[in-house]
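Residue numbers (the numbering used here): 36 to 181. The C-beta atom is built at its ideal place from N, Cα and C for all residues, glycine as well. Small disclaimer: the values here were computed from a predicted structure and weren't measured. A short write-up of the structure that comes next.
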């Protein structure tokens with residue numbers, strides 16, 4: 036159990052050296068960020084020293100933070116829920132994920148890197164929905180595959 040208060044603000048440094056803020060409660064949607072925050076909190080003041088998030092650019096981390104802040108306080112998926120047989124994407128998340136294919140791919144990579152299981156499931160479900168009833172040629176055209 037962590038001794039970090041839910042409203043503690045952590046600074047995150049993106050791969051392009053931008054600093055973004057996130058509350059600890061929101062940060063807990065990411066297992067990777069939670070582990071880093073708990074490891075860093077013993078040796079640094081979270082409001083002063085940023086946690087490096089080298090695998091994620093500023094626009095993508097900003098989007099990830101928005102998602103985490105919206106879902107803060109929600110319980111994390113159990114191991115069984117992390118790999119559900121059926122994924123139902125709530126309306127807010129469906130709207131949130133209405134981005135270009137490139138941005139959606141970047142969010143999937145960031146969610147995977149940061150171990151945000153629910154966001155990863157939702158975004159992959161939308162990609163799966165895009166592929167439904169498409170021919171291989173249509174799929175290649177949609178995703179720019181030659």
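*According to DSSP, which residues form a beta bridge with residue 48?*
The residue given as residue 48 occupies position 13 in the chain shown. For residue 48, the pairing in a beta bridge is given by DSSP as 54, 87.
#### Entry: the segment 92-108 in contact with the segment 49-66 per 3-pair CB rule at 8 Å
Judged by Cβ distances under 8 Å, the segment 92-108 makes contact with the segment 49-66, as three or more pairs qualify.
Worksheet item: Does the count of Cβ pairs from the segment 125-137 and the segment 43-55 closer than 8 Å reach three?
Response: At 8 Å Cβ cutoff, the stretches do not touch.
According to the neighbour-count rule (16 or more other Cβ atoms, all chains shown, within 10 Å of its Cβ), is residue 135 buried or exposed?
Residue 135 sits at position 100 when you count from the first residue of the chain shown. Around the beta carbon of residue 135, fewer than 16 other beta carbons sit within 10 angstroms, so the residue counts as exposed.
*asked:* Just to confirm my understanding: we take residue 142, look at its own chain, exclude 5 residues before and 5 after, and list those with CB closer than 8 Å. What are they?
replied: The residue given as residue 142 occupies position 107 in the chain shown. Cβ neighbours of residue 142 beyond the five flanking positions: 95, 98, 99, 132, 134, 154, 158.
Alpha carbon to alpha carbon, what distance is there between residue 156 and residue 116? Translated into positions along the chain shown, residue 116 becomes position 81. Translated into positions along the chain shown, residue 156 becomes position 121. Our two residues, residue 116 and residue 156, have alpha carbons roughly 10 Å apart in a direct line.
Please report the distance separating the alpha-carbon of residue 40 from that of residue 65. Position 5 of the chain shown holds residue 40. Position 30 of the chain shown holds residue 65. The straight-line gap from Cα to Cα measures roughly 16 Å.
What did DSSP end up calling residue 150 once you bin it into helix, strand or coil? Looking up residue 150 in the chain shown gives position 115. Assigned with DSSP and collapsed to three states, residue 150 falls in coil, not helix or strand.
- Task: Using three-state DSSP, classify residue 137 as helix, strand or coil.
- Result: Sequence index remark: in the chain shown, residue 137 carries index 102 (1-based). Residue 137: helix per DSSP, three-state reduction.
Residue 36 burial status per 10 Å Cβ neighbour count (16 or more: buried): In the chain shown, the residue the question calls residue 36 occupies position 1. For residue 36, the predicted structure reports a pLDDT of 42, less than 50, and the residue's modelled location is therefore unreliable. A value from the coordinates is still provided. Here residue 36 is exposed: its Cβ has fewer than 16 other Cβ atoms, across all protein chains shown, within 10 Å.
If we ignore side chains and look at the alpha-carbon of each, how far apart do residue 92 and residue 42 end up? Numbered from 1 along the chain shown, position 57 holds the residue referred to as residue 92. Numbered from 1 along the chain shown, position 7 holds the residue referred to as residue 42. Between residue 92 and residue 42, the C-alpha separation is close to 24 Å.
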